[in-house]
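Chains as they are written, first to last, in the UniProt record's numbering: chain A, 1 to 475; chain B, 1 to 324.
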């Protein structure tokens with residue numbers, strides 16, 4: 001009796017102790033694990049992209065999570081962030097808003113990114129190919145509107161902080177997920193069914209009180225949780241490239257022009273370089289990818305400068321409206337700055353990727369929460385993609401902290417639903433407005449062009465409205 | 001157990017409660033067992049030690065056992081029959097936590113978040129049932145002892161603890177009645193919680209005395225319960241049990257509900273200082289609780305035993321104003 005109890009006790013306790021203390025001592029851990037119950041973590045984050053790594057690092061640096069067990073699963077190998085940055089810019093970038101910056105700052109990653117490479121955006125100019133209407137956003141008094149940083153730089157900055165969290169976050173690289181076993185909703189829990197369980201290709205099983213899906217827009221955890229998505233394809237492709245300016249300038253303006261085929265944007269990378277995000281039809285994108293370098297540069301310059309799609313009726317009305325606004329004492333059309341001229345495209349920096357929009361109808365289930373693209377994928381037009389993901393991380397982290405301070409089980413549905421409600425309230429509006437803008441500008445029918453240019457002008461003139469927009473975009 | 005219950009009944013009929021007091025003096029009469037046992041704390045059950053001696057049959061008890069085993073499975077379903085008790089944790093866990101933290105930092109200034117804020121505190125959860133309140137308190141680092149006179153409740157609680165053994169290593173359950181331990185463990189606990197239990201107790205005065213006896217000087221007791229008003233009858237019995245069925249029918253006996261003033265008097269009689277009296281409101285649509293000033297339905301009381309602890313400075317005067 002006594003000896004059988006001892007055996008039970010050993011099989012329950014030993015692996016836990018060994019695995020947590022000597023996590024990197026895989027041989028010892030594995031042997032024991034095979035004979036015992038799967039390890040139980042408080043939080044397992046699936047997916048080591050920017051958002052997933054930020055989730056793990058944020059929890060790892062959270063004082064309230066001291067003593068909690070957090071694991072990050074990443075299918076790929078570990079990235080070496082200590083290598084010096086290549087001189088050439090990476091072609092995938094994000095524009096980080098104030099909310100994203102404050103999240104990254106909260107666990108120290110922001111300093112890493114600032115020290116590595118990023119460019120501040122002080123002004124944003126959005127205009128239309130069919131008329132002269134224009135809207136500009138400036139942050140006169142407050143800090144910068146946004147920062148443009150390369151995805152790899154952002155990830156490296158977060159990874160460095162993840163490592164700085166030390167033993168508080170375990171990381172498994174090369175961990176391909178085979179299957180998830182999730183608790184069955186309302187029914188009575190048993191020891192096997194209570195927690196979420198992930199099976200790796202290696203055969204290892206890991207249990208989690210809360211499984212966070214940061215595994216991208218094709219999220220496997222989302223499918224395992226049977227969470228449906230609403231999605232549609234824009235039948236559009238994003239073309240990206242690193243572009244060199246004709247001459248170095250104080251490059252701190254983000255430029256976006258709505259063309260008939262889709263928006264084209266230039267984000268500042270340095271005083272000499274810009275990142276191009278050109279959303280267009282599949283045919284045109286193929287054409288753009290095939291073009292010789294010089295012709296590609298010409299095409300970009302043409303897209304920003306061309307007057308060929310101007311709609312005379314809209315322009316005439318714009319001028320009248322502008323006069324009216326000025327008489328009303330509003331600021332009328334902002335002085336339009338001219339976008340910089342491009343002279344060269346970095347060799348090998350041109351790339352294309354399909355654009356789509358998808359939204360999970362639910363972000364949570366019992367013991368499951370989705371963050372980032374697993375929950376919502378937007379058109380990269382407004383640089384919102386990763387900002388929404390970092391917004392998820394910030395809210396979920398704050399919520400989990402308060403949950404821990406109330407002694408609650410981190411994975412119970414009650415508080416996860418709060419996360420879902422609060423995030424969807426924000427994300428759905430963002431997605432709808434990005435998608436709406438996209439559709440609004442995807443046409444050259446005169447009444448629509450007229451309305452949208454008047455709308456843009458009016459919005460530009462109304463300071464409080466603009467400030468509200470900046471605030472919303474910042475969170 | 002069955003025999004014992006039968007015995008209990010006989011004793012009751014004989015009009016003598018003296019012997020019964022050994023295990024459940026303040027508990028309610030056995031005749032109402034079927035109606036009331038389904039509350040989260042199955043206080044009607046007698047102590048486990050005695051249950052070994054069971055053997056006879058008793059119709060009421062058989063029903064009771066059948067019902068209980070059915071409902072035991074419902075204990076930990078957060079959206080099931082005890083959903084309201086699960087969500088009541090949103091109020092009572094912070095209440096207990098902050099009450100205890102105020103004992104070491106009375107001013108409450110340095111409320112810096114710590115992962116195990118209650119580490120080192122000994123808490124007694126009276127009428128712990130399946131452990132809905134005991135578990136979060138243990139996760140906050142406290143050494144929690146959950147007691148319940150119901151063996152079934154304790155069984156559920158012990159079983160559920162094994163699902164998270166590491167986080168709940170400081171949690172222990174015992175099948176015991178409070179007055180059995182009141183003398184032996186007098187002044188042992190830094191905090192005592194009697195949440196949603198006193199409204200089921202017959203000898204409420206004795207119950208309160210036992211509670212006050214168990215806490216150390218400077219220690220806190222926290223009660224949450226229902227007030228005996230027309231409003232609580234309408235909402236707590238008619239609406240909650242019969243219409244909305246948030247609470248199992250027959251779970252409560254309105255006549256046993258205690259007015260905040262009555263409970264405060266009982267607590268003061270034991271030399272405690274009342275710190276806080278606050279109303280609580282349940283929203284059946286969101287299944288969430290919130291604090292309100294009105295105490296005519298649900299309310300919570302926090303009282304402190306005068307003594308050497310840092311928190312023993314007088315502040316009872318301010319709390320009385322809360323009790324409107």
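Where is the CB? At the ideal position from N, CA and C, for every residue including glycine.
{"Asked": "Just the chain A side, please: which residues come within less than 7 Å of residue 94 of chain B by C-beta, in chain order?", "Found": "406"}
{"Asked": "Cβ atoms of residue 268 of chain A and residue 362 of chain A: under 8 Å apart, would you say?", "Found": "no"}
{"Asked": "Could you check the C-alpha separation between residue 351 of chain A and residue 206 of chain A for me, to the nearest Å?", "Found": "37 Å"}
{"Asked": "Compare the C-alpha of residue 396 of chain A against each of A:368, A:377, A:385 and A:379 and name the closest.", "Found": "A:368"}
{"Asked": "With 8 Å set as the bound, which would you pick, yes or no: does the beta-carbon of residue 107 of chain A sit closer than that to a beta-carbon of chain B?", "Found": "no"}
{"Asked": "If you draw a straight line from the C-alpha of residue 249 of chain B to the C-alpha of residue 41 of chain A, how long is it?", "Found": "39 Å"}
{"Asked": "Excluding the 5 residues flanking residue 290 of chain A on each side, which residues of the same chain have their C-beta closer than 7 Å to its C-beta?", "Found": "none"}
{"Asked": "Just to confirm before moving on: does the CB-CB distance between residue 280 of chain B and residue 305 of chain B stay below 8 Å?", "Found": "no"}
{"Asked": "Given that residue 412 of chain A touches chain B, what residues does it touch there, using C-beta distances under 8 Å?", "Found": "78"}
{"Asked": "In chain order, what residues of the stretch 50–66 of chain A put their CB closer than 8 Å to some CB of chain B?", "Found": "63, 64, 65 and 66"}
{"Asked": "Just to confirm before moving on: does the CB-CB distance between residue 89 of chain B and residue 122 of chain B stay below 8 Å?", "Found": "no"}
{"Asked": "To test your reading of the DSSP string, which unbroken alpha helix (DSSP H) runs of 4 or more residues are found completely within the stretch 83–160 of chain B?", "Found": "83–104 and 134–139"}
{"Asked": "Can you confirm whether residue 174 of chain B, when its beta carbon is compared against all beta carbons of chain A, has any partner nearer than 8 Å?", "Found": "no"}
{"Asked": "Beta-carbon of residue 194 of chain A versus every beta-carbon of chain B: anything under 8 Å?", "Found": "yes"}
{"Asked": "Have a look at residue 83 of chain A and residue 148 of chain A and give me their C-alpha separation to the nearest angstrom.", "Found": "21 Å"}
{"Asked": "How far does the alpha helix (DSSP H) with residue 75 of chain B in it reach, from first residue to last?", "Found": "No alpha helix (DSSP H) holds residue 75 of chain B; DSSP gives it neither H nor E."}
{"Asked": "So, does the CB of residue 136 of chain B fall closer than 8 Å to a CB anywhere in chain A?", "Found": "yes"}
{"Asked": "Give me the Cβ distance between residue 277 of chain A and residue 304 of chain A, rounded to the nearest whole Å; I'm assuming they're in contact under 8 Å.", "Found": "No, residue 277 of chain A and residue 304 of chain A are not in contact; Cβ-Cβ is about 13 Å, not under 8 Å."}
{"Asked": "With three or more beta-carbon pairs closer than 8 Å as the criterion, would you say the stretch 238–248 of chain A touches the stretch 394–408 of chain A?", "Found": "no"}
{"Asked": "Should residue 478 of chain A and residue 127 of chain A be called a contact, given that it needs their Cβ atoms to be closer than 8 Å?", "Found": "Since the displayed chain A opens at 1 and closes at 475, residue 478 of chain A lies outside it and no answer follows."}
{"Asked": "Indicate whether the contact test is met: 3 or more Cβ pairs, each with one atom in the stretch 165–178 of chain A and one in the stretch 197–214 of chain A, closer than 8 Å.", "Found": "yes"}
{"Asked": "Could you pull the start and end residues of the alpha helix (DSSP H) that residue 160 of chain A belongs to?", "Found": "151–164"}
{"Asked": "Which residue comes first and which comes last in the alpha helix (DSSP H) that contains residue 354 of chain A?", "Found": "It is not in any alpha helix (DSSP H) - residue 354 of chain A instead sits in the beta strand (DSSP E) that spans 351–360."}
{"Asked": "Could you list which residues in chain A have their beta carbon closer than 7 Å to that of residue 326 of chain B, in chain order?", "Found": "For chain B, the structure presents residues 1 to 324; residue 326 of chain B sits outside this window and is missing."}
{"Asked": "For residue 89 of chain A versus residue 398 of chain A, is the C-beta spacing smaller than 8 Å?", "Found": "no"}
{"Asked": "Please list, in chain order, all residues of the same chain as residue 160 of chain B whose beta carbon is under 8 Å from its beta carbon, the five residues on each side excluded.", "Found": "75, 76, 130, 131 and 135"}
{"Asked": "If you measure from the beta carbon of residue 116 of chain B to each beta carbon in chain A, is any gap under 8 Å?", "Found": "yes"}
{"Asked": "Run the CB neighbour count on residue 194 of chain B, radius 10 Å, all protein chains shown included, and call it buried at 16 or more, exposed below.", "Found": "buried"}
{"Asked": "For a quick check, are the C-beta atoms of residue 47 of chain A and residue 213 of chain A less than 8 Å apart?", "Found": "yes"}
{"Asked": "Mind checking if residue 139 of chain B is an interface residue toward chain A, Cβ cutoff 8 Å exclusive?", "Found": "yes"}
{"Asked": "Taking only three categories from DSSP, how would you classify residue 172 of chain B?", "Found": "strand"}
{"Asked": "Which residues in the same chain as residue 69 of chain A place their Cβ atom closer than 6 Å to its Cβ, once the five residues preceding and following it in sequence are excluded?", "Found": "41 and 42"}
{"Asked": "Grab me the residues of residue 282 of chain A's own chain with a C-beta within less than 6 Å of its C-beta, minus the 5 sequence neighbours each way, in chain order.", "Found": "237"}
{"Asked": "Does the Cβ-Cβ distance between residue 121 of chain A and residue 390 of chain A come in under 8 Å?", "Found": "no"}
{"Asked": "Taking residue 60 of chain A as part of the alpha helix (DSSP H), name the residues at either end of that continuous run.", "Found": "50–60"}
{"Asked": "Which word fits residue 37 of chain B, buried or exposed, when buried means at least 16 other C-beta atoms lie within 10 angstroms of its C-beta?", "Found": "Only weak support is given to the placement of residue 37 of chain B: the predicted model assigns it a pLDDT of 36, under 50, and the question is left unresolved by the model."}
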